[in-house]
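First up is the structure itself, then whatever we jot down about it.
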Amino acid sequence: MAAGWGGRCNVCEKMDKGAPENVTLLSVTFHSPTPAVFLDRDGTLMEEVDYCRDPARVSLFAGVREALGRLKEAGFFTVIVSNQSGIGRGRITMQEYEAVHARLLELIGEELIDAAYFCPDKPGDESLRRKPAPGMLLEAAREHALDLSRSWMIGDKAIDMQCGRNAGVQPILVETGYGANEDASGAEFVAKDFATAADFILKQCHVR
Ligand SMILES: [Mg+2]
-12 MAAGWGGRCN VCEKMDKGAP ENVTLLSVTF HSPTPAVFLD RDGTLMEEVD
38 YCRDPARVSL FAGVREALGR LKEAGFFTVI VSNQSGIGRG RITMQEYEAV
88 HARLLELIGE ELIDAAYFCP DKPGDESLRR KPAPGMLLEA AREHALDLSR
138 SWMIGDKAID MQCGRNAGVQ PILVETGYGA NEDASGAEFV AKDFATAADF
188 ILKQCHVR
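If you read the sequence shown in this note's numbering, its first letter stands for residue -12, the second for the next number, and so on.
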């Protein structure tokens, strides 16, 4: 029995009793990949600030923390995926990006964000990662065993919707940031803000 588990799972019981035909089936279920919610950063979790390089300018939208808490409690893996062309353009240094990210985690609560990816490429660069390309989502899925078919993307731009579709996840457009003026045709749902988007996801899915 695995130490520290505090209980015995059905797989172990059956292994002890020797029922190999059941063990195969059960172990597949046991290791099933996790659904994720991919999160755009600027204009979705926090106020849009043109090339934000100052941690003092990080301002979370109301209800973001609580909504992330509800998603985590439901069993979703939460991943920030952010285009940061300011780095590629030389307008933001890596240190400035990291300071802004650290402030964001401080405001949200580190335990509510499982992973974060950013792309420094500029528009027009040949990039597999800059949204709407799906590279960051595919990378996260590979590194964290995520189930894209049960995953979602929340963002404030049409490129977030395209990125979600390109990766095979369901996209939701929020009307914060640039969202109110973006083409919503690629979105599965349009929400007034992040908290409403999270609640829409929770109504559709029972992860656990
Ligand atoms: Mg955005």
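Every residue, glycine too, gets a C-beta built ideally from N, C-alpha and C.
Just so we're clear, the structure is a prediction, and the values are computed from it rather than from any experiment.
- For Cys106, the secondary structure class from DSSP, reduced to helix, strand or coil, is strand.
- Rounded to whole angstroms, the separation of the alpha carbons of Ala132 and Pro121 is 16 Å.
- Note that the C-beta distance between Ala54 and Ala185 is below 7 Å.
- Shown here, Leu115 sits in coil according to DSSP, grouped into three states, outside any helix or strand.
- Cβ-Cβ distances below 7 Å link Phe187 to Ile159, Phe176, Ala178 in the same chain, with the five nearest sequence neighbours on each side left out; the list follows chain order.
- Each residue's CA atom was taken as its position, placing Asp134 and Phe64 some 10 Å apart.
- With 7 Å as the limit, the residues whose C-beta approaches a heavy atom of ligand 1 more closely than that are Asp27, Arg28, Asp29, Gly30, Thr31, Glu35, Gly142, Asp143, Lys144, Asp147, Gly164, Tyr165, in chain order.
- The criterion of a C-beta distance shorter than 7 Å is satisfied by Lys109 and Ser72.
- Counting C-beta atoms within 10 angstroms of its own C-beta, Lys144 has 16 or more neighbours from the protein chains shown and is therefore classed as buried.
- Segment contact: the segment 81 to 99 against the segment 32 to 42, three or more CB-CB distances shorter than 8 Å; contact assigned.
- Lys190 sits exposed, since fewer than 16 C-beta atoms from the chains shown fall within 10 Å of its C-beta.
- Assigned with DSSP and collapsed to three states, Ser136 falls in helix.
- Listed as beta-bridge partners of Pro158 by DSSP are Met140.
- Under a 10 Å Cβ-count criterion, Asp170 is classified as exposed, with fewer than 16 other Cβ atoms of the shown protein chains found around its own Cβ.
- Counting only the Cα atoms, Ser19 lies some 33 Å from Phe48.
- As DSSP reads the structure, Ala178 sits in a beta bridge with Val161.
- Under DSSP, Met33 shares a beta bridge with Asp29, Leu47.
- Counting along the chain, Ser69 sits inside the beta strand (DSSP E) bounded by residues 64 to 70.
- Taking every protein chain shown into account, the CB of Ala167 has fewer than 16 other CB atoms within 10 angstroms, so this residue is exposed.
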